[in-house]
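Data first, discussion second: the structure below is written as structure tokens.
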Amino acid sequence: MSRLKFVLFAHRLLSPMYIVDRTLQIPAHLFVNKINVFSTQIKRFAGHAHWQNVKHIKEAGDREKAQTALYYIKAAQKAVRGIRDPKKNSKLAAVLAEAKTKSVPYSTFEKLLSTDNQIEPFSLVPAGDIADKFFDHIGLVTVSAKSSKQLSDLDAATNLGIEIGAKEVELSSSEDQNYHFHCEVHEIENLRQSLETIHHIPVINTQDIYCPKIFVPIHHDVRQTLDEMYDKIKTSLEYVDRIFDNVIINK
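Residue 5 is where the sequence shown starts when you use the working numbering, and the numbers rise one by one after that.
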């Protein structure tokens, strides 16, 4: 009997691990009501009031700096996509350059960019190798079919893909008519540079995805329940980026 599997992506591993089978337990949030405290003290010292003003201004500034740093950390995490060297990842380099203009120090990103801090997908099911068993991890470089004469048809795009080192070329079924060049995740930036620099073909998007090897058929109402569960996961777990599953609606 096939069992539902899905891959949960996070910026870092969370502890403890949760087991997903029939139910999912989401940690409850604790809300603390604000309590107004009224003081009968009337006399205030000028020095104390000045210290309080300085303290509030400093705290507000610290909060703003923290929010700015968090914004660029998340932007850098999205830009990494397996390539942590800014010299080989133009999107990451652009994020770091913009962060510098906002006075966010480079040291803020050192842990993220460290080769010892690889962001790996993990499953809520204890079997850590689920991604390898049930999914193919591939890189995608997307270009418009109308962007170059070198992409006049699928055969031409396939020949170009072979030249730049792509593993497969796929024409999207949407009205946009885009070509997806498949490659190893660590080759995404190399393909992008080959297309843009050598062949002068603008790249629309680059990403890494997990493609299911085996699909599990489900009914439409189950799909809706799954989507609701995924929304709760993303809301409750701060570090979740994307969720891939291997289900397909049974027609």
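For each residue, glycine too, the CB sits at the ideal point set by N, CA and C. Treat the numbers as computed from the prediction; the structure is a model and nothing was measured.
Taking L144 as the reference, give the member of Q154, L175, E114 with the closest Cα. L175
Please classify F139 as buried or exposed, where buried requires at least 16 other C-beta atoms within 10 Å of its C-beta. buried
Identity of the residue in Q71, L116, R88 nearest K106 by Cα: Of the candidates Q71, L116, R88, the one whose C-alpha sits nearest the C-alpha of K106 is Q71.
Below 7 Å CB to CB, which residues in the same chain sit around S198 once its five sequence neighbours on both sides are set aside? I168
Assign P90 to buried or exposed, taking buried as 16 or more other Cβ atoms, counted over all protein chains shown, within 10 Å of its Cβ. buried
Runs of 3 residues minimum, wholly inside the stretch 193-230: which ones carry the beta strand (DSSP E) assignment? 207-216, 220-222
Measuring CB to CB, does L116 end up less than 8 Å from I77? yes
Can you give me the C-alpha to C-alpha distance between D212 and L195, rounded to a whole angstrom? 13 Å
DSSP beta-bridge partners for Y183? V147, L175
So what does DSSP say about R2, is it helix, strand or coil? What is shown of the chain runs 5 to 255, which leaves residue 2 out entirely.
Just checking my contact of S156 with H203 at CB under 8 Å: how many whole Å lie between their CB atoms? Between H203 and S156 the Cβ distance is about 13 Å, and since that is not below 8 Å, they are no contact.
Taking the continuous beta strand (DSSP E) assigned at V244, which residues delimit it? 244-249
Please identify the residue among I192, I205, S148 whose C-alpha is closest to the C-alpha of N180. Here the sequence assigns Asp to residue 180, which means Asn is not the residue at that position. Selected option, being the one with the closest Cα: S148.
Coarse secondary structure for D136, derived from DSSP in three states: Reduced to three states, the DSSP call for D136 is helix.
If V220 and N250 are in contact, beta carbons under 8 Å, what's the gap, nearest whole angstrom? 6 Å
For K217, which residues from the same chain have a beta carbon less than 7 Å from its beta carbon, with the 5 sequence-adjacent residues on both sides left out? F138, F139, D140
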